[in-house]
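According to this note's numbering, the residues represented by the sequence shown are -17 to 136, in order.
C-beta: ideal position from N, C-alpha, C; glycine also.
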Amino acid sequence: METNKILYYTDGHEVMITDSGFRVKKTTYQLNGITRHGFSIIYPTRMPFTIPMVAGAIVFICGALNYVPSFWVKSVTLFNMTMPINFLVMTLGLLFFIPSMIMVLRLKEKYAVKIFTAEGEKNVVVSQSREYISQIIDALNRAFLDLVKQPRKK
């Protein structure tokens, strides 16, 4: 991009918005080629952790309510300690439930700048910081408003 252009935003590294283009890393999108832009939320996939969490809860409840038939095994001896089978079933349920719950809680949504061009739609900048993406969207809005205000050259 030329140096005499108006600079609307730069993060000093990856993103730069001027009055003629939107540069992300080494890809430049001309403003007049962007038909629409917006803020997008990317939700994390929680299903791989939700399934073992639910299974662990079910196994724990089965152990707590004594649903494990006692004719299978009454107790198990581990490290010279005799434990009832229901206690071991509850422990197994917790071993599935707790790590899965921790992972579900650690997953965070991401935010993106989504642009629409003739080639299709694309999330060009993705971040966990909502503020960072909002700053880029605001700068794009200002750049587009100034682009619309400019008189057309014939």
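Looking at the structure shown, is residue i part of a helix, part of a strand, or coil, going by DSSP?
| i | result |
| --- | --- |
| Ile(-12) | coil |
| Ser52 | coil |
| Leu77 | helix |
| Leu87 | helix |
So is residue i buried or exposed if we call it buried at 16+ other beta carbons inside 10 Å?
| i | result |
| --- | --- |
| Lys131 | exposed |
| Ile33 | exposed |
| Phe137 | Residue 137 lies beyond the range of the chain shown here (-17 to 136); nothing can be said about it. |
| Leu122 | buried |
| Tyr25 | exposed |
| Met(-2) | buried |
| Val58 | exposed |
| Tyr(-10) | buried |
| Phe126 | buried |
With a threshold of 7 Å on Cβ separation, who are the neighbours of residue i within its own chain once the five nearest residues in sequence on each side are excluded?
| i | result |
| --- | --- |
| Met72 | Phe42, Gly45, Ala46 |
| Gly3 | Met(-17), Thr10, Tyr11, Gln12, Leu13 |
| Lys(-13) | Thr0, Asp1, Ser2 |
| Thr17 | Phe98, Thr99 |
Please work out which residues of its chain come closer than 8 Å, Cβ to Cβ, to residue i, disregarding the five sequence neighbours upstream and downstream, and give them in chain order.
| i | result |
| --- | --- |
| Trp54 | Ile67 |
Take residue i and list the residues in its own chain whose beta-carbon comes closer than 6 Å to its own, dropping the five residues that flank it on each side.
| i | result |
| --- | --- |
| Ser82 | Phe31, Pro34, Met35 |
| Gly20 | Lys96 |
| Gly38 | Gly75, Phe78, Phe79 |
| Val108 | Lys92, Ala94 |
Please decide whether residue i counts as near chain B, where near means a Cβ-Cβ distance under 8 Å.
| i | result |
| --- | --- |
| Phe42 | Given the protein chain composition of this structure (a single chain), no chain B is represented. |
Subject >> Continuous beta strand (DSSP E) assignments of at least 3 residues falling wholly in the segment -16 to 49 >> reply: -11 to -8, -3 to 0, 3 to 6, 9 to 12, 16 to 24
Original post:
Which whole runs of the alpha helix (DSSP H) in the segment 97 to 135 are 4 residues long or more, in chain order?
Top reply: The segment 97 to 135 contains these whole alpha helix (DSSP H) runs: 112 to 131.
Original post:
Does the segment 79 to 91 come close enough to the segment 115 to 129 to have 3 or more Cβ pairs within less than 8 Å?
Top reply: no
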